[in-house]
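Reminder that position 331 of the sequence shown reads as 330 in numbering that gives the first Met the number 0, one-by-one numbering, no gaps. Just so it is clear, CB atoms sit at the ideal spot from N, CA and C, and this is done for glycine as well. All values reported here derive from a predicted model rather than from experimental measurement. Below is one structure, written out as C-alpha cells, with a few remarks after it.
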Amino acid sequence: METPQFIKIYKKRKRIGILILAILLISEVILFDRCITSYDNNTNDPTIINNFEELNNAMVNNDYVHLEISEYYDLGSVATERNGSKISETYYIGYGINKKMLVISLKEDEYYEFVRDTNDSYILKGTFGKINSNLRGTLEELCEDVATPEELHEIMYDYFLSCETPLDALTSKLIIMFFAFLMICVCIYILCKNSRSLRKLKKEHGSDFDMFCEKVDSEMKATTVLRKGAITVTQNYIIANSPCTFFVLPKDELMWVYKGVTRYYRIIKRTNITFVFANKTKYQITSINNKNIDDLIEHFSQDSYKCIVGYSDELDKMYRKQTDAFIQQWNNKYNINDIQ
0 METPQFIKIY KKRKRIGILI LAILLISEVI LFDRCITSYD NNTNDPTIIN
50 NFEELNNAMV NNDYVHLEIS EYYDLGSVAT ERNGSKISET YYIGYGINKK
100 MLVISLKEDE YYEFVRDTND SYILKGTFGK INSNLRGTLE ELCEDVATPE
150 ELHEIMYDYF LSCETPLDAL TSKLIIMFFA FLMICVCIYI LCKNSRSLRK
200 LKKEHGSDFD MFCEKVDSEM KATTVLRKGA ITVTQNYIIA NSPCTFFVLP
250 KDELMWVYKG VTRYYRIIKR TNITFVFANK TKYQITSINN KNIDDLIEHF
300 SQDSYKCIVG YSDELDKMYR KQTDAFIQQW NNKYNINDIQ
C-alpha cells in the first residue's frame with residue numbers, strides 16, 4: 000500500500016523536528032562545555048593586567064581579568080529606578096594606565112567593599128565591554144565639572160571594565176543555554192504529542208488502519224476538499240498537519256470551534272483556531288494568515304455542522320471545570336447520541 004499523503008506530511012515534519020532537536024541538543028552540549036571551561040579559566044587562570052600591552056590584548060580578546068589598582072578617581076554613581084523606587088546603583092571609578100583613563104563599573108556592594116578595604120591595593124575582577132553612546136553620555140554628565148565631552152573622549156579608553164564574579168561573566172552564555180533548553184523541551188513535547196496522536200489513531204482502528212488511511216487519502220484528493228493552511232476539511236474528517244499539531248478526527252465529533260489571538264511580548268500578534276472534540280481533546284493551531292482562520296470559522300458556521308462556533312468565557316469555564324456536562328449539553332442541543 001502506498002503511504003497516504005497525510006502520513007507523508009506527518010513523517011516529513013517529524014524528521015524536520017528530530018533534526019531541529021538534534022541541532023539544539025548538540026548546541027546545548029557545546030554551550031555547557033564552554034561554560035564549564037570558561038568558569039574554570041575565570042576562576043583559576045584569569046588574565047593578569049600589569050601593563051598597557053596586556054590591557055590592550057585583554058580588551059580585544061574580551062578576557063576575564065584581574066586588575067590590581069591603588070590610586071583611582073571616583074567618578075560618581077547612577078541609580079536605576081522603577082516606579083520611583085531605586086532598584087540598583089552602579090558606581091564608576093577611573094584608573095590611570097598609560098596616560099589614559101580606564102573606566103571601571105562596580106555594583107553597590109562591590110563598591111562599598113572596595114572603598115572600605117584598608118590595603119594599599121585592591122584587585123578588581125571582571126570583563127571588558129565597549130562604551131556605547133548611553134554610557135558615554137552618563138560619564139559625560141558625571142564628569143562635566145572636571146572635563147568637557149571632547150576632553151573626556153580624548154583621555155578615556157573605548158572599553159570599560161565591568162566588575163563581575165566568574166559566574167556573572169557567564170550570564171550571556173547561561174541565558175542562551177536556558178532558552179535552548181526551553182526550545183528542546185518544546186520540541187520533545189511536540190514530537191511526543193504528535194506521536195501519541197498517530198498511535199491513538201492506529202489503536203482506534205486496529206487492523207482496519209490501512210483502510211482508514213485509504214479512505215482519508217481518497218477524501219483529501221476530492222475536488223470538494225477545503226484546504227486552509229495546515230488544516231484540511233474533507234467529507235468526513237478534519238485533518239491538521241501543522242509543525243506543532245497533528246490529528247485526524249471525524250467532523251461529527253467536533254463540539255466547539257473558535258478563533259483567538261496569541262500575542263508574543265505584546266508585539267507579535269498571531270491568530271489561532273481552537274478545536275474541541277467529543278473525545279475530550281482540544282487542539283489549538285496558530286497561523287499568520289488571518290483569512291484562513293476566518294474562512295474556516297465561516298465554513299464551520301454552516302447549518303450542516305452540529306458544533307458551537309465562537310468563544311465565550313462561560314463555555315470555556317464549563318468545559319474546563321465540567322467537561323462531561325459540556326459534552327452532555329452538546330449532545331442534548333444537537334440530538335447526538337453519546338460518542339464517548
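Can you tell me where the beta strand (DSSP E) with residue i in it begins and where it stops?
i	result
P249	245-249
Y110	Segment 107-115 is the alpha helix (DSSP H) holding Y110; no beta strand (DSSP E) there.
D157	155-162
A146	Where A146 is concerned, there is no enclosing beta strand (DSSP E), given that its DSSP letter is neither H nor E.
N235	Run containing N235: none; DSSP gives neither H nor E here.
N271	267-276
Could you tell me if residue i is buried or exposed, where buried requires 16 or more neighbouring beta carbons within 10 angstroms of its beta carbon?
i	result
A277	buried
N43	exposed
D337	Unreliable placement is indicated for D337, whose pLDDT of 46 sits below 50; the coordinate value is still reported in the next sentence. By the neighbour-count rule (16 or more Cβ atoms within 10 Å), D337 is not buried but exposed.
K10	exposed
V64	buried
M210	exposed
P249	exposed
C186	buried
A239	buried
A78	exposed
A229	buried
Under the three-state reduction of DSSP, which class applies to residue i: helix, strand or coil?
i	result
D167	helix
A78	strand
N131	coil
S300	coil
D337	Here the model assigns D337 a pLDDT of 46, short of 50, so the residue's position is not dependable and the matter cannot be decided.
D119	coil
G136	helix
E203	helix
A179	helix
K85	strand
K10	helix
A229	coil
K99	strand
S194	helix
K172	helix
K214	helix
K290	helix
K124	strand
K332	helix
Just to confirm, are residue i and residue j a CB contact at a threshold of 9 Å?
i	j	result
K106	I154	no
I292	K268	no
I237	T231	yes
M254	I307	yes
F159	I183	no
V102	L54	no
Y111	Y94	no
Y91	L74	yes
T46	D62	yes
Y38	P165	yes
V247	L200	yes
At what residues does the alpha helix (DSSP H) containing residue i begin and finish?
i	result
Q358	Here the chain has residues from 0 to 339 only, and residue 358 is not among them.
T223	Run containing T223: none; DSSP gives neither H nor E here.
Y318	312-320
Got a sec: does the ligand PLP put a non-hydrogen atom nearer than 8 Å to the Cβ of residue i?
i	result
R226	With respect to the ligand PLP, the structure offers nothing, as it holds no ligand at all.
*asked:* Please give me, in chain order, every unbroken run of the beta strand (DSSP E) with length at least 3 that falls completely inside the region 16-70.
replied: 46-48, 64-68
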